[in-house]
Every structure is written in structure tokens, then in C-alpha cells.
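Here is the structure we will look at, set down as C-alpha cells.
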Amino acid sequence: MDISIGVLDCCILEALWHSRLPKSFNLILEDRPQTRVGHPTSSNYHFTMSASFPYIHISCPCNEERPQIMAVDSARPLSPTKSPTKRDFAVPVPSTPLTPVKRRLFPGTSSFDGTVATSGDADGERNDEEDDEDEENNFDPHDQRAAFSLFPIENLLYCEDCHQIRCPRCVTDEIVCWYCPSCLFEVPSSTVKSDGNRCTRNCYLCPICTALLVVIPVNHIPSSSSAAEQQQGPFNLFCSHCHWTTSDLSPPLQLEKPTSISAQLAKVTPSAHDAEFNRLKQHYAQQLGNAQEDFTNSPAALTRLMGLYTGLGAGGSGHAGGRKGRGVKKLEMKEIDRPREVVEEREMEIVEQMAKLGIHATTNTKQRLNQPHEPRFLSELRPTAVLLRTKRSKRCRACRHILVKPESKVQTTRFRIRLVALNYIPSLTIKRLDPSIQLSSLVPHKTHRFLLTVTNPLFDPISVSLLTPRYTPGTDYPSRVTILCPEFDVGANTDVWDDALMSTRTPAPVPTPPPQGNKDPRMATVYEQKRNYTSVVIEVVPAEIPDTRVARIRDERLLEIPIFVRVEFEAEVDREDEEGGGGGTSSTSGKHGAPGSSGGGGNPLGREKVEYSYWCVVGVGRVGDPVEGVVASEPNTPVRTPVATPVKAPRTPGVSKTPLRQQVRA
Amino acid sequence: MAPRSSAPLPPLSIDPTALLSDAISFSGSYPVTIGSNTVLHPRSKFNSTDGPIIIGSNCIISEKTQLIAPGVDGLVLEDFVLVEVNCHIQAARIGEGSSIEVGVKVGKASRIGNNCTLSPLSTIPDGTNLPDFTVIYGENDRRIDTSDTVTARNETLLAHIDCLQKLLPNKAEKYTR
Ligand SMILES: [Zn+2]
Ligand SMILES: [Zn+2]
Ligand SMILES: [Zn+2]
Ligand SMILES: [Zn+2]
Numbered sequence: 001m002d003i004s005i006g007v008l009d010c011c012i013l014e015a016l017w018h019s020r021l022p023k024s025f026n027l028i029l030e031d032r033p034q035t036r037v038g039h040p041t042s043s044n045y046h047f048t049m050s051a052s053f054p055y056i057h058i059s060c061p062c063n064e065e066r067p068q069i070m071a072v073d074s075a076r077p078l079s080p081t082k083s084p085t086k087r088d089f090a091v092p093v094p095s096t097p098l099t100p101v102k103r104r105l106f107p108g109t110s111s112f113d114g115t116v117a118t119s120g121d122a123d124g125e126r127n128d129e130e131d132d133e134d135e136e137n138n139f140d141p142h143d144q145r146a147a148f149s150l151f152p153i154e155n156l157l158y159c160e161d162c163h164q165i166r167c168p169r170c171v172t173d174e175i176v177c178w179y180c181p182s183c184l185f186e187v188p189s190s191t192v193k194s195d196g197n198r199c200t201r202n203c204y205l206c207p208i209c210t211a212l213l214v215v216i217p218v219n220h221i222p223s224s225s226s227a228a229e230q231q232q233g234p235f236n237l238f239c240s241h242c243h244w245t246t247s248d249l250s251p252p253l254q255l256e257k258p259t260s261i262s263a264q265l266a267k268v269t270p271s272a273h274d275a276e277f278n279r280l281k282q283h284y285a286q287q288l289g290n291a292q293e294d295f296t297n298s299p300a301a302l303t304r305l306m307g308l309y310t311g312l313g314a315g316g317s318g319h320a321g322g323r324k325g326r327g328v329k330k331l332e333m334k335e336i337d338r339p340r341e342v343v344e345e346r347e348m349e350i351v352e353q354m355a356k357l358g359i360h361a362t363t364n365t366k367q368r369l370n371q372p373h374e375p376r377f378l379s380e381l382r383p384t385a386v387l388l389r390t391k392r393s394k395r396c397r398a399c400r401h402i403l404v405k406p407e408s409k410v411q412t413t414r415f416r417i418r419l420v421a422l423n424y425i426p427s428l429t430i431k432r433l434d435p436s437i438q439l440s441s442l443v444p445h446k447t448h449r450f451l452l453t454v455t456n457p458l459f460d461p462i463s464v465s466l467l468t469p470r471y472t473p474g475t476d477y478p479s480r481v482t483i484l485c486p487e488f489d490v491g492a493n494t495d496v497w498d499d500a501l502m503s504t505r506t507p508a509p510v511p512t513p514p515p516q517g518n519k520d521p522r523m524a525t526v527y528e529q530k531r532n533y534t535s536v537v538i539e540v541v542p543a544e545i546p547d548t549r550v551a552r553i554r555d556e557r558l559l560e561i562p563i564f565v566r567v568e569f570e571a572e573v574d575r576e577d578e579e580g581g582g583g584g585t586s587s588t589s590g591k592h593g594a595p596g597s598s599g600g601g602g603n604p605l606g607r608e609k610v611e612y613s614y615w616c617v618v619g620v621g622r623v624g625d626p627v628e629g630v631v632a633s634e635p636n637t638p639v640r641t642p643v644a645t646p647v648k649a650p651r652t653p654g655v656s657k658t659p660l661r662q663q664v665r666a
Numbered sequence: 001m002a003p004r005s006s007a008p009l010p011p012l013s014i015d016p017t018a019l020l021s022d023a024i025s026f027s028g029s030y031p032v033t034i035g036s037n038t039v040l041h042p043r044s045k046f047n048s049t050d051g052p053i054i055i056g057s058n059c060i061i062s063e064k065t066q067l068i069a070p071g072v073d074g075l076v077l078e079d080f081v082l083v084e085v086n087c088h089i090q091a092a093r094i095g096e097g098s099s100i101e102v103g104v105k106v107g108k109a110s111r112i113g114n115n116c117t118l119s120p121l122s123t124i125p126d127g128t129n130l131p132d133f134t135v136i137y138g139e140n141d142r143r144i145d146t147s148d149t150v151t152a153r154n155e156t157l158l159a160h161i162d163c164l165q166k167l168l169p170n171k172a173e174k175y176t177r
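Chains as they are written, first to last, in full-length UniProt numbering: chain U, 1 to 666; chain Z, 1 to 177.
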């Protein structure tokens, strides 16, 4: 029971850390915004998400090892009529890649078997060895690092200047204001600095269950009584969830007035720990006064404080002279004189009380850690003041432009700026074609068909290429994946636009959506095409995965498919915008006369070919145990379907399409 | 939605001051008794197939709540019981002044004491005996309510019933025919 002074003071400081640390420590810990709600971070990734199949997470470009450089590249014009070939991919790699594709993906060997199939007719049939070789070039969802950059699209922002997706890792937060979530009063930052990060008004939480406490009279006052009578005390703080009241404390805590609770509580509950804190604060403030330095804001002072605990020990001022510090004055700070002792009798008392009252009278860990004085018994708990929250604006780390800016008024939930990725990049959704598919136990060797839908949020029609490795990478038991129609168009998000134009100007040059009866052979296997979304079929043949220890540890049964999404469209650009230069992923191919799709509006605006791409990971489900009767039909299913990338050679649409439709109807 | 003629109502004994809304479903053959000043919301369900159901006075039974008699001894709701939306109750007895909040499941033949509070979505296993003044909160944690707020809560409940009686049309005669 003999603890050195330094450690004890440290403990106290740590406790204060939670309760009333000044803002300059930049440690308003508990109110971190929940930007990653439901989002996996590394280790618990596979476990947290496994509950809700299927899911689609998009990889932020920050996943790449490369630094984020925003230089404009020598743009390579892309023709929408020509499908990408191996030669296209093997174009001399610019110093900064246009896409979030990994660098080593480009040169030499192709990463997608489809690209080979398009370029060489002879080696259209790939063999598995080559696939294995390519595996490492693909995005590997099993990679430990990958989990950090994978987010549901709802959690992503989009920087208009960088033309990049921005995940919570790629933005910096700035606090707009502090407020109490319960009374919605804004707290000025100076108050936060002086009074700590909790509400100083009347908001208190139940220490038992964390619900909000209300003030009620201790003795029941009939509602028929007059207003004056109702204002008569004493009062309790009451939790309407678990019915805890401050009268449950020992000694019972009762208030005289129903208002200014903080002041009353401070008076009624003089805790030994608060006294200790004040003593320490006074002592160190004095020390600081000597040092004549702003303790909280100076890194040098902080270093000095830390020095007290690390190198020098108690009363270590004598050693300070030996330190060579540039500009750091001779260490003059002293530890507080009196050690805080652990009284043995007090500890024995606690043990006795525990024996007497039993386990139900003691606090649980959560309750204990929520309180600065770490009470051991329920009767020692105190109402906890509500933690403040912040509204934050977010900036792009690369270009410092603001991506999110909330209205500074606390009561409004509107945003002045909110560049969410949902409005910029096509969103993918996946669902089962056959409702009998059990996502939590996919049958090995069986062909599972899913519907992959790409929804276009833009006001321009886009053409989308979905590329996926033929076998899922990063696992010893790769499953086979086939996207039946990997390249297709998605119509513009027009309707809303139409309405807007109708209401303001009458003769509006509306960009016409692509004709519905498109005879383009590329559309041959598109499953469904509506206004601004297109659905294609993706076939998955899971591998048989043994139930070994290693496989369980590596969670091999989780079937995640990386898909590389490439989007091309023609966008109208302002001239000024063009001068500013494009960003990372957009590439300009000069000004087109805007024929075709613009509908001849007569507006000679510049048209720009924009291309961008990203990886996403589709969590399809979990592979189950093999089912009898379903056996491997390797190397290929009877139906030869185009793999991953468009094939130039004439398709056999009838073959791949007809059985599909039949199955759907059945 | 009138009660279907094909499925005869169980014998009902309804106090004239009780308020029965439209579309309450009664099933079973054992009698159902409803006490004075009690309010039954629309789409509440009463199943007396295995035993009688007795509801005391000044109770509220909310929408989509099912009361199922667990056995021949029946289900007894004493006075001043508030049952909120979407509960599933197969208890043998619910004591006076208890409040059963949203989505609570009360297991078969369990006995809830007086002035208990079951907070939303808590589950009471079959055959549980809850002592008086028990509060189930959080993740089925228990504590004893010493707040001495029973009178206040009953008063609130009466005001609640008062308000409902003004708002809800009474269709009691539909069921008494
Ligand atoms: Zn990022
Ligand atoms: Zn407040
Ligand atoms: Zn509580
Ligand atoms: Zn930026």
C-alpha cells in the first residue's frame, strides 16, 4: 500500500483528464463524431460486418502506398467506343496515377484476365497459373491494410478540387462550436477551456444507466396544488429509465431548488478528490506562475512536466541542471510536497462493506470509470454532467478545401457545404437474384447469381466498366467470379433536373438519356436498365473451404469480391474551371463540340471527357459447408461467358442471356 | 374492422366505464374481464384459448400488444398497469402499478410484482417471479426502485387515461353485442 508520489499524482491527473481537461490539450475525447458508425477497423473488421450481408465498401484512394499528389497528369483521351485493351493499360505510366489502381498493376502482365482476352485472341483462354501470378496485383480485401480504407459510400466525402474520394482518414476536422446535446446550448470555447467539456447548466446523467435525469420533488405534490407549492423542495434528481434517484445515495442528496443544479451539486458533494484536484491545481499553477509561462499552451512546459515523471523522479529538481535544453530554463517545478497516502483502515473498511452489502451494491467497471472518483459502491455514485458535443467542419487534407461545413447554429441540422461521395460517384448495390440463396452459407461449387446495380447520381450519362479478378485474390481458396456484362451505360440522373428546369425556364435544353432500345451489343446482357441505374448479373462460384484452424483464423469463408469500377462521362465544363486544371482522376481530352448526347442545345459550352475509377469490395456472404450433389465443375461452367472486361470478339449473347432469363422467371 | 362472425367472441365482461377501441382482437373461449376506466387501444390482441384474462381498473393496453393467458389459472393484470406498444405477455400475474414498456416480452407463467418497471425491449424468461418494485433496465439488469414515485406515476397514468378517453372513439358496444 505504498505508492510513490509521482505515480499517485499521475493517477489523479489522469482522472482529471476525463473530467475537466482544458481544450488546449485538444482532448475532448468522448465526443468524437461517429464518422465510422458500423465501420470495421482492422481487427474486428470481419466480425462486425459479417452480420449484414451483402455489403459494398468503397476503397478510398488513400489505401495506396503512394503519397497523395494532386498534380495534373498528361491526360490520355479515352474513346468510349473502344473498349480498353491491354495496350491501353500498358500506356507509359504517368508519374502520378490517374486512378486508385495500384502502381504495379499496370506494367507488363495485365491484372485482369479480361484485358488479355481482349488483346490476344490466342490466349483468350487463360490458365490458372497466370491468374495466381496476377493475384497480388489486385486489391486484396483480406489485406490487413485494406480494412482501414474501406468504407460504406455513406461515410465518404468527395473533394471537387482533387476529384477524389475522401474518407475520414483523408479529412481534417475543425471544431465549429461546442454544445450540450441535452439542452442544446452553445458553449463558448473560452468556457470549455476554463470549465471543462461538460455542461455546466442543469443537464445530468444517471450514473447507473446513463439516461438523462429529471428534477422531481422528494415528497409527492398533488397536481392540483398551486404553482407556489410546486416550487417547494426538497428536490431529487430522478432517472425515469431505471428510477434511480439522488436519494439512493448515502447520505441522500437532495436539492433545495429545481434550478441551478450544478452550483447546488458542487456545494452538496464536496468530494475529497475534487479537493485534491484543487490543491494540485493550485500548487502547479503557482509553479507555473514562477515559470511565467503558459503551461497549457507551451510544448516546452509540457515536456518539462513530463520530465518530472519520467527522468527525474520525486523532488528531482536537482538533476535538472544537467539537462541541455535549447531555451528551456532550469527546471524549477517541484512535485507537490505531501504524498497522498493509501490508508489501510479505509481499504479494510471497503472490504468489510463489500462483504456486508454483497456484489449488488458495488459498481460495475463502466459505472466506475465514468466517475472521476472511481466509486466502489453504488451509494457513492454521483450524477454525471452531460458531455459536450461538437459540430465540426471537414477539410480535404490534400488541398485544404472545405468538404463539410455545418450551420453554426446549434439547433439547425443543416449544412452549408456537404460534399458527400453519394452525389458524385455511382453507387453500387447488390442483391440476390434467387431469394433462396443463403448469404450466410453459400454452397461451394454452386453458381450463385447476384444482381449488381450501378446508380448514377450525375446529370450526365456515364459509361461504366466493372473489372474483377476472375478468382478472388488474397485467399488460398479462391472463388470464381464472373460479371456477365462488365461494360454498360447508365442514364443520367435527369428527372430531378427536368423538374427544376421546367419550373424556371420553359424551353430547356435537356440532355436526352440514352435511347432505351439500345441495340448496342454491349447491352446484350444488361439485366435491367432504368432511368439512372443499370443492373448486371454477377456470378459467383464459391470454392470449397475446409474448416481448418488456419482458415478460421484467416476467416477464409468470408467471400469478398474486389471490383474495380471505372466511370467515363462527358461533362460540361466552365471555361474558368478548365483553367484551374483538372485534378487527380479527371482527364481532359480537349474541348468537344458537344454533339450527340447534349441534344443540340446550342450552348457552346466546353465538353470534357472525365474518367475516374475506384476499387470497391463486395461482401457477398459466407461460404458454407459443401453440399452433397454439388460438385466442382472446374475448370469452367458449361456456359462460356465473357469475363470481367468487354470482349471485342463477337459475343454469343443468346447463350449467356437465355438461360439467365429463364432462371429468373422460374 | 368488425369482429368476424365466423369466430365467436369469448365471453366478455366489460365495465361500462372502460374504453374499447376499434379492431381489438379477442380469441379463445375462456372469459375476458375488463375493469373500470381501462383503455384498450386498437389492434391489441387478447387470446383466452388456454385460460381467462382479467384486466383490472385504470389500465392501458396499447396497440399491437398481445395478452395470452398461459393456462387455466389465467392472466391477471391488476389495477394501474400500463402496457405499451408491441409487448408480448404470457404472464400469470402483473402486479398493481407496474409499467410494461415498449416491446417487452414477458415469459409464460411469470409473475410480476407490484410497481415493477420493465424498460423497453427487456425480456422476462418463463416462470420468473419478480419481487415488488423491481426495475429491469439496460441489458436486463435489475435494481429495486426506492424512488417513492408510485403516487406520482399513478396520477400520471390517470391523466393519460383521461386524455385517451377524450381522443379515442369508444366502440365498446361492438364487442358487447
Ligand atoms: Zn482516405
Ligand atoms: Zn446542458
Ligand atoms: Zn438510470
Ligand atoms: Zn482536395
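C-beta: ideal position from N, C-alpha, C; glycine also.
| Asked | Found |
| --- | --- |
| Beta strand (DSSP E) segment containing Lys431 of chain U, residue limits | Ser427 to Arg432 |
| Cys616 of chain U beta carbon near ligand 1 (any heavy atom closer than 6 Å) | no |
| Contact set between the segment 174 to 208 of chain U and chain Z, restricted to residues whose Cβ is under 9 Å from the partner | Ile208 |
| Member of U:Lys356, U:Leu357, U:Gln164 and U:Leu381 whose CA lies at the smallest distance from the CA of residue 753 of chain U | Only positions 1 to 666 of chain U appear in this structure, which leaves residue 753 of chain U out of reach. |
| Chain-order list of residues whose beta-carbon lies under 6 Å from that of residue 689 of chain U (same chain, five-residue window excluded) | An answer regarding residue 689 of chain U cannot be provided, because it is not within the stretch 1 to 666 covered by chain U. |
| DSSP state of Tyr477 of chain U mapped onto helix, strand, coil | coil |
| Cβ-heavy atom distance, Cys239 of chain U to ligand 3, below 6 Å | yes |
| Near-chain Z residues of the segment 242 to 265 of chain U (beta-carbon distance less than 9 Å), N- to C-terminal order | Cys242, His243, Trp244, Thr245, Ser247 and Asp248 |
| Test item, CB below 5 Å from any non-hydrogen atom of ligand 1 | U:Cys60, U:Cys62, U:Cys167, U:Arg169 and U:Cys170 |
| Proximity below 7 Å, CB of Leu387 of chain U to CB of Val187 of chain U | no |
| is_contact[His220 of chain U, chain Z] using C-beta, thresh 7 Å | yes |
| Sequence-distant residues of the same chain with beta carbon closer than 8 Å to Val351 of chain U, five excluded per side | none |
| Where Arg505 of chain U falls, given that 16 or more other Cβ within 10 Å makes a residue buried | Only weak support exists for where Arg505 of chain U lies, its pLDDT of 46 falling under 50; the value from the coordinates is given anyway. Exposed is the call here. |
| Opposing strand residues paired with Gln529 of chain U [DSSP bridges] | U:Thr534 |
| Contact with chain U by Gly138 of chain Z, beta-carbon distance below 7 Å | yes |
| Whether Ser149 of chain U touches Ser59 of chain U by CB criterion (7 Å) | yes |
| Asn609 of chain U - partner residues in DSSP beta bridges | In the sequence as presented, Asn is not what sits at residue 609 of chain U; that position holds Lys. Answer is U:Glu570. |
| Proximal residues of chain U, C-beta to C-beta of Glu155 of chain Z below 9 Å | His220, Pro222 and Ser223 |
| Glu572 of chain U beta carbon less than 7 Å from that of Glu611 of chain U | no |
| Three-state class that DSSP yields for Gly107 of chain Z in the structure shown | coil |
| Beta-bridge partners of Glu139 of chain Z, as assigned by DSSP | According to DSSP, Glu139 of chain Z bridges with nothing at all. |
| Start-end ranges of the alpha helix (DSSP H) lying completely within the segment 343 to 382 of chain U, minimum 4 residues | 344 to 357 and 365 to 369 |
| Reference Ile208 of chain U; option with closest CA among U:Gln231, U:Leu452 and U:Cys242 | U:Cys242 |
| Entirely enclosed beta strand (DSSP E) segments - the segment 171 to 252 of chain U, minimum 3 residues | 171 to 179, 213 to 217 and 235 to 239 |
| Ala398 of chain U beta carbon near ligand 4 (any heavy atom closer than 6 Å) | yes |
| Simplified DSSP state of Gln165 of chain Z, which is helix, strand or coil | helix |
| Gln231 of chain U, buried or exposed, once every other Cβ within 10 Å from all chains shown has been counted against 16 | exposed |
| Residue nearest to Arg557 of chain U in terms of C-alpha spacing, selected from U:Ala355, U:Pro372, U:Arg622 and U:Arg395 | U:Arg622 |
| Own chain partners of Gly108 of chain U with C-beta closer than 7 Å, once the 5 adjacent residues on each side are dropped | Caution is warranted here: a pLDDT of 33 is assigned to Gly108 of chain U, below 50, making its placement in the model unreliable, and the coordinate value is therefore given only provisionally. Contacts found: none. |
| Neighbourhood of ligand 2 [Cβ distance below 7 Å to any heavy atom], ordered by chain position | U:Cys180, U:Ser182, U:Cys183, U:Phe185, U:Cys199, U:Arg201, U:Asn202, U:Cys203 and U:Val386 |
| Three-state secondary structure assigned by DSSP to Arg166 of chain U | strand |
| Any chain U beta carbon closer than 7 Å to Thr128 of chain Z | no |
| Neighbourhood of Ser25 of chain Z by C-beta, 8 Å cutoff - its chain only, sequence neighbours within 5 removed | Pro3, Arg43, Ser44, Lys45 and Phe46 |
| Which residues DSSP lists as bridging Cys616 of chain U, in chain order | U:Ile58 and U:Ile563 |
| Proximal residues to Pro181 of chain U (C-beta, below 6 Å), its chain only, five neighbours per side dropped | Arg389 |
| Interface flag, Ala23 of chain Z vs chain U, CB-CB below 7 Å | no |
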